[in-house]
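Asker: After the structure tokens below, expect a handful of questions from me.
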Amino acid sequence: MIHAAMGERSPGESFWALGLRLERAGDVQGALSAYSEAVDADEEPPNPRATLRAAEQHEMRGNTAIAAEEFARATVAPEPDVQAAAWRGVANSRLHRGDHAGALEALEAMAAAGDPDETPRAWRNIGTLKEDLFGDVEGAKRAYEAAIACEHPLNSDGARVNLAQLLEKQGDIAGAAARFREVVASGHPVESGRARTLLAWLLEAQGDEQGALALFLDGMAEEPTGEWGQRAAFGAGTIFRNRGEFDRALDAFALAERIEDPASAGPATYLLAGVAKQLGQEQVALEAFSRLARNTGVAPAVAADAAKEAGLILFERREIAAARDLFALAAEAEEGEARARGCLLLALCERQLGNRPAALAAAEKAIATPGAPPEVIDHGSGLVAELS
2 MIHAAMGERS PGESFWALGL RLERAGDVQG ALSAYSEAVD ADEEPPNPRA
52 TLRAAEQHEM RGNTAIAAEE FARATVAPEP DVQAAAWRGV ANSRLHRGDH
102 AGALEALEAM AAAGDPDETP RAWRNIGTLK EDLFGDVEGA KRAYEAAIAC
152 EHPLNSDGAR VNLAQLLEKQ GDIAGAAARF REVVASGHPV ESGRARTLLA
202 WLLEAQGDEQ GALALFLDGM AEEPTGEWGQ RAAFGAGTIF RNRGEFDRAL
252 DAFALAERIE DPASAGPATY LLAGVAKQLG QEQVALEAFS RLARNTGVAP
302 AVAADAAKEA GLILFERREI AAARDLFALA AEAEEGEARA RGCLLLALCE
352 RQLGNRPAAL AAAEKAIATP GAPPEVIDHG SGLVAELS
């Protein structure tokens, strides 16, 4: 079906021609709809720009082989923006199939196309490829510097951050800090916050805790709903926790756990729960541990430990059935000692609930688990003797 915002075709006008006309007029959504119709109708792209759009459509649909062919066809475009975007597509296709050398060649061709927007992006990607996949540190440095030299308002600051990180790895702390500060001062909508948090981590590693904390707090204030503001909140929370400022740590970790990345949110939730326990906020701790126990995006060991902690709070409240469900999760821990402790706690709950066969099975599993500590074996053996 034709997108409602696509507009009417002139008599004899192809979907490709309509899409290109709408794109020139700034109607991006209408153009995309027309391009989609063109691919559905199996129309032949009339020029390199249309070929590029066909490649992008196939890429979005998962037709990677066709997309790669179309991107390659579009690299002959006379327009720098089309040629550069086509080479970017070729580079991505080659990376996808593991052809790193071929991807590097495509990125170099992308840079050579001369498009003012794509050139700094190409140089930055060249730098990343050389640094991460080829181990060519000096080549990466030159590529990042080439991207920076383009002085693009959006695409050069990312290369500054990459260069700063590379300098930090090489031990040039002053050089790295200077680059990070340049990006912070730029006010870049994405890279500024990232650079601020990375600079804070650098200062913290150098022993400048107060300088790091000031930057973390700035990041939290600037981007409370953004990734790097939330990562900054984690850094601030850790410092506050280490200082014993638990109220401030709790607020910081509450912000940090909102990050979308489960691997980053999980530790924030765990620390939030621990700080809440320190403050006597048992319900806050219980809710945080319970969230973490059922979070499939965190490390299994973290989830199992959180399940145990939540279960202990419920057990102390005499909410035995709810505690049992959480101890059952803890009893599935991968690490032997943690699994043994979880099994023992599960056995205690089952005994309290009058489920003697289940209690006996859990106690036997606890003492039979490799790595079970002596106190678990002693207590578990006592339960087995009692329940047998």
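According to this note's numbering, the sequence shown is numbered sequentially starting from 2.
Even glycine gets a Cβ: it sits at the ideal position worked out from N, Cα and C.
All values reported here derive from a predicted model rather than from experimental measurement.
1. Name the two residues that bound the continuous alpha helix (DSSP H) containing Pro-49.
2. Let me know if Thr-226 comes out buried or exposed under the rule of 16 or more other beta-carbons within 10 Å of its beta-carbon.
3. Let me know if Ser-389 comes out buried or exposed under the rule of 16 or more other beta-carbons within 10 Å of its beta-carbon.
4. Closest to Glu-288 by C-alpha separation, out of Asp-133, Ala-348 and Ala-324, would be which residue?
5. Which word fits Lys-170, buried or exposed, when buried means at least 16 other C-beta atoms lie within 10 angstroms of its C-beta?
6. If you draw a straight line from the alpha carbon of Ala-219 to that of Leu-256, how long is it in whole angstroms?
7. Give me the Cα-Cα distance between Asp-326 and Gly-312, rounded to the nearest whole angstrom.
8. Using the Cβ count rule (16 or more neighbours within 10 Å means buried), how would you classify Arg-352?
9. Return no unless some Cβ of chain D is closer than 8 Å to the Cβ of His-380.
10. Quick one: which unbroken alpha helix (DSSP H) runs of 4-plus residues sit fully inside the segment 168–217? Chain order, please.
11. With 16 as the cutoff for other CB atoms within 10 Å, does Ala-341 come out buried or exposed?
12. For Gln-211, count the other beta carbons within 10 Å of its own beta carbon; 16 or more makes it buried, fewer makes it exposed. Which is it?
13. Quick one: Cα of Val-77 to Cα of Arg-54, how far?
14. In whole angstroms, what is the alpha-carbon distance linking Ala-308 and Arg-295?
15. In whole angstroms, give me the CA-to-CA distance for Pro-263 and Val-303.
16. Determine the direct distance from the alpha carbon of Arg-292 to that of Pro-268, and round the result to whole angstroms.
17. Please return the same chain residues whose Cβ sits closer than 6 Å to the Cβ of Leu-108, not counting the five positions on each side in sequence.
18. State the Cα-Cα distance for the pair Ala-178 and Gly-236, rounded to the nearest angstrom.
19. Measure the alpha-carbon distance for Pro-301 versus Ala-51 and round it to whole angstroms.
20. Does Leu-330 come out as helix, strand or coil in the three-state DSSP assignment?
21. Can you name the start and end residues of the alpha helix (DSSP H) that His-380 belongs to?
22. Around the C-beta of Ala-87, are 16 or more other C-beta atoms found within 10 angstroms, so that it is buried, or is it exposed?
23. Which term fits Pro-46, buried or exposed, when burial requires 16 or more other beta carbons within 10 angstroms of its beta carbon?
24. Which residues mark the beginning and the end of the alpha helix (DSSP H) in which Phe-72 is found?
25. In angstroms with no decimal places, state the Cα-to-Cα distance between His-189 and Glu-223.
26. If you draw a straight line from the C-alpha of Leu-315 to the C-alpha of Asp-100, how long is it?
27. State the start and end residues of the unbroken alpha helix (DSSP H) segment that holds Phe-16.
28. Helix, strand or coil for Pro-12 per DSSP?
29. Is it the case that the Cβ atoms of Thr-331 and Ala-348 are separated by a distance below 8 Å?
30. Anyone know if the C-beta pair for Asp-158 and Val-138 falls short of 8 Å?
31. Using a Cβ-Cβ cutoff of less than 8 Å, which residues in the same chain neighbour Ala-339 once the five nearest sequence positions on both sides are dropped?
32. Helix, strand or coil for Thr-270 per DSSP?
33. Quick check on this structure: which residue in Ala-113, Arg-143 and Ala-102 has the alpha carbon closest to the alpha carbon of Leu-134?
34. Just to confirm, are Gly-230 and Leu-272 a CB contact at a threshold of 8 Å?
35. With H, G and I counted as helix, E and B as strand and the rest as coil, what does DSSP make of Leu-354?
36. So what does DSSP say about Leu-361, is it helix, strand or coil?
Answerer: Straight from the coordinates:
1. Pro-49 -> alpha helix (DSSP H) spans 49–61.
2. exposed
3. exposed
4. Ala-324
5. exposed
6. Contrary to the premise, residue 219 reads as Asp rather than Ala in this sequence. Looking at the two C-alpha atoms, the distance is approximately 14 Å.
7. In a straight line, the C-alpha of Asp-326 is about 8 Å away from that of Gly-312.
8. buried
9. The structure shown contains no chain D, having only a single protein chain.
10. 174–187 and 192–206
11. Using a 10 angstroms sphere on the CB of Ala-341, the tally of other CB atoms reaches 16 or more, which defines it as buried.
12. Exposed: under 16 other Cβ atoms inside 10 Å.
13. Approximately 14 Å between the Cα atoms of the pair.
14. 8 Å
15. 12 Å
16. 12 Å
17. Ala-92, Ala-123, Asn-126 and Ile-127
18. 18 Å
19. Approximately 48 Å, taken between the alpha carbons.
20. helix
21. 375–388
22. Buried.
23. buried
24. Note, Phe-72: alpha helix (DSSP H), 65–75.
25. Whole-angstrom Cα-Cα distance: 12 Å.
26. Looking at the two C-alpha atoms, the distance is approximately 54 Å.
27. Counting along the chain, the alpha helix (DSSP H) containing Phe-16 begins and ends at 16–25.
28. If DSSP states are grouped into helix, strand and coil, Pro-12 belongs with coil.
29. Here residue 331 turns out to be Ala, not Thr, going by the sequence shown. Not a contact, by the Cβ cut-off of 8 Å.
30. no
31. Once the five neighbours on either side are set aside, the close Cβ partners of Ala-339 are Ala-302, Ala-305, Asp-306, Lys-309 and Ala-331.
32. Here Thr-270 sits in helix by DSSP.
33. Ala-102
34. no
35. The three-state secondary structure of Leu-354, taken from DSSP, is coil.
36. Leu-361: helix per DSSP, three-state reduction.
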